[in-house]
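Peer 1: Below is the structure I would like to discuss, written out as structure tokens.
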Amino acid sequence: MVRSRISGTGSFVPKMVVTNNDLDRMFDTSDGWISSRTGIRERRVSVSETTAVMAAKAARNALKSAKVSPKEIDLVIVGTVTPEMTFPSTACLVQSELGIRSGSAAFDVSAACSGFLYAIDAADKYIRAGSAKKALVIGVDRFSRIIDWNDRSTCVLFGDGAGAVVLTAEEGHRGILLSDIHSDGRHWDMLFAPGSIQPCHFEEKAFNDYYVKMNGNETFKLAVRTMGKAITDAVGGAGLTTRDIALLIPHQANIRIINATQERLKLPPERVFTNIEKYGNTSAGSIPLALDEAVRAGRVKDDDIVVLVSFGGGLTWGAAVIRW
Ligand code: UT7
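By the count of our numbering, the sequence shown reaches residue 314 at its end, each step adding exactly one.
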């Protein structure tokens, strides 16, 4: 049976570090509030590192760790809601920057914080169908461009960053065992960025600005419920139980959401990977950035069951069960 194996991981974050104390000097907030409510201590903010630059750098690192040449890649999928341009896709810009062969396929997917899981789900299906042999899957976002730096209830939460994996078609028992993606558009207005001053056609509401809006409390509750169920459904679908999970890599939105999910599933804390304290919520970048860090820290061993789980605007959510 052909499966998609993660043969390499990579990541990239911008140089500029913005700490909670830096934000405290800019507006009415505090390190105490931000770290106790979210677990975030600092985040990266891009200056010259645009979305395509971050994506290409993370991708280059993933290709290097997989020992795969750009010429071998036949599919590039980028999960992002902060693309470099309206078009072409950020995936096409990465294809050009890395010298990935002309004629391969490259496209973006828009699923906010679930962007990487949507992208890896699609790539896995291309590989299993025999339409691709080696895919580059990237999650990247530059939220510093779309958050309102005058809205303390959202701007302290997000950061910029990118992560990438190389998926390789391989026979055998290792690789992605199952991936599942979901959405519920009824709740689109819990977390969104109008991105324009035009009225929204569906609701006939005119938004007076462009930036990210979030109903934090409701999103929080739904995230805990939904991620827990997504994990149990996905491991069950793969013929496993939550006890088989060697490492859970959840979307890094809030340490309290991650801890509540871990407690709900009765997972030992050491089986849950977090790096939110350093990067905040990097949206589609969050899971592959955490995965790369976990791999580089030696937290993932051959044959381990690794589970990725996301939750984000759309609403969108998803999970992937991987035998490493
Ligand atoms: O990635 C996609 C999914 N995103 C999420 O899952 C995010 C989910 N939501 C959350 O993580 C949390 O709801 C937040 C971190 C956004 C907010 O935490 P909270 O514990 O729900 O706080 P709150 O919104 O209920 O606000 C409590 C208080 C308010 O003051 P009052 O009304 O009680 O006087 C806020 O005005 O905290 C105040 N506040 C702040 N204070 C200092 C809000 N933001 C700040 C801030 N600094 N940055």
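The beta carbon of each residue, even a glycine, is placed where N, CA and C say it ideally should be.
1) Taking only three categories from DSSP, how would you classify P60?
2) Use the C-beta contact count for E253: other C-beta atoms within 10 angstroms, 16 or more gives buried, fewer gives exposed.
3) Does the separation of the CB atoms of I30 and L147 fall below 8 angstroms?
4) Return no unless some Cβ of chain B is closer than 8 angstroms to the Cβ of Y200.
5) From what residue to what residue does the alpha helix (DSSP H) around V262 run?
6) Using CA atoms only, rank isn't needed, just tell me which of A102, G(-2) and T158 is closest to L53.
7) Select from A310, F263, S169 and V156 the residue whose C-alpha is nearest the C-alpha of A56.
8) Beta-carbon within less than 6 angstroms of S(-6)'s beta-carbon, same chain only, minus the 5 sequence neighbours each way: which residues are those?
9) Which residues in the same chain have their Cβ closer than 6 angstroms to the Cβ of A236, if we skip the five residues on either side of it in sequence?
10) For the beta strand (DSSP E) containing A309, list its first residue and its last residue.
11) Give the DSSP-derived three-state secondary structure of G218 in the structure shown.
12) Got a sec, what are the start and stop residues for the beta strand (DSSP E) R(-7) sits in?
13) Could you name the residues that DSSP lists as bridge partners for E32?
14) Taking just the CA atoms, how far does A154 sit from G69?
15) Taking 7 angstroms as the line, does the beta carbon of R132 fall inside it for any heavy atom of the ligand UT7?
16) Could you check whether the Cβ of A213 sits closer than 7 angstroms to any heavy atom belonging to the ligand UT7?
17) In the DSSP assignment, find the beta strand (DSSP E) that holds T251 and state where it starts and stops.
18) Looking at the strands, I want to know which residues DSSP matches up with P240.
19) Buried or exposed for F2, please, with buried defined as at least 16 other CB atoms from any protein chain shown within 10 angstroms of its CB.
20) Taking I67 as the reference, give the member of A46, V58, A213 and S59 with the closest Cα.
21) Cα separation between G227 and W307?
22) Run the proximity test for A122: is its beta-carbon closer than 7 angstroms to any non-hydrogen atom belonging to the ligand UT7?
23) Around the C-beta of H370, are 16 or more other C-beta atoms found within 10 angstroms, so that it is buried, or is it exposed?
Peer 2: Considering the structure as presented:
1) Locating residue 60 in the sequence shown gives position 70, counting from the first residue. P60 falls in the helix class under three-state DSSP.
2) One-based indexing of the sequence shown puts residue 253 at position 263. Burial is judged here by how many other beta carbons sit within 10 angstroms of a residue's own beta carbon; E253 has fewer than 16 and is exposed.
3) For the purposes of this step, residue 30 is taken as residue 40 along the sequence shown, with counting starting at 1. For the purposes of this step, residue 147 is taken as residue 157 along the sequence shown, with counting starting at 1. Against a cut-off of 8 angstroms, the Cβ pair of L147 and I30 comes out as a contact.
4) Absent from the structure is chain B; it holds one protein chain and no more.
5) Within the sequence shown, the letter at position 272 stands for residue 262. Unbroken run through V262: none, as it is neither H nor E.
6) Residue mapping note: residue 53 aligns to position 63 of the sequence shown, counting from 1. Nearest to L53 by alpha-carbon distance, out of A102, G(-2) and T158, is G(-2).
7) The sequence position of residue 56 within the sequence shown is 66, counting from 1. Of A310, F263, S169 and V156, the residue nearest in Cα terms is V156.
8) Working through the sequence shown from its first residue, we reach residue -6 at position 4. Closer than 6 angstroms at the Cβ level, and outside the excluded window around S(-6), lie D114, I117, L157, G165 and I166.
9) Locating residue 236 in the sequence shown gives position 246, counting from the first residue. D294 and I295, listed in sequence order.
10) Numbered from its first residue, the sequence shown carries residue 309 at position 319. T306 to R313 is the extent of the beta strand (DSSP E) around A309.
11) For the purposes of this step, residue 218 is identified with residue 228 of the sequence shown, where counting begins at 1. Helix.
12) Within the sequence shown, residue -7 is the residue found at index 3, counting from 1. Unbroken beta strand (DSSP E) run through R(-7): V(-8) to F2.
13) Numbered from its first residue, the sequence shown carries residue 32 at position 42. Note: E32 sits in a beta bridge opposite T9.
14) Indexing the sequence shown from 1 puts residue 69 at position 79. Indexing the sequence shown from 1 puts residue 154 at position 164. The alpha-carbon atoms of G69 and A154 are separated by roughly 10 angstroms.
15) Indexing the sequence shown from 1 puts residue 132 at position 142. Result no, Cβ not under 7 angstroms from the ligand UT7.
16) What you label residue 213 is simply residue 223 of the sequence shown in a count that begins at 1. The answer is yes for A213.
17) Locating residue 251 in the sequence shown gives position 261, where the first residue counts as 1. Premise fails: T251 lies in the alpha helix (DSSP H), I245 to R254, not in any beta strand (DSSP E).
18) Indexing the sequence shown from 1 puts residue 240 at position 250. DSSP output for P240 lists V299 as bridge partner(s).
19) Numbered from 1 along the sequence shown, position 12 holds the residue referred to as residue 2. It counts as buried.
20) For the purposes of this step, residue 67 is identified with residue 77 of the sequence shown, where counting begins at 1. Comparing Cα positions, the closest option is A46.
21) For the purposes of this step, residue 227 is taken as the residue at position 237 of the sequence shown. For the purposes of this step, residue 307 is taken as the residue at position 317 of the sequence shown. Each residue's alpha carbon lies about 16 angstroms from the other.
22) By one-based count along the sequence shown, residue 122 stands at place 132. In this structure, A122 has its CB at a distance of at least 7 angstroms from all heavy atoms of the ligand UT7.
23) Since the displayed the chain opens at -9 and closes at 314, residue 370 lies outside it and no answer follows.
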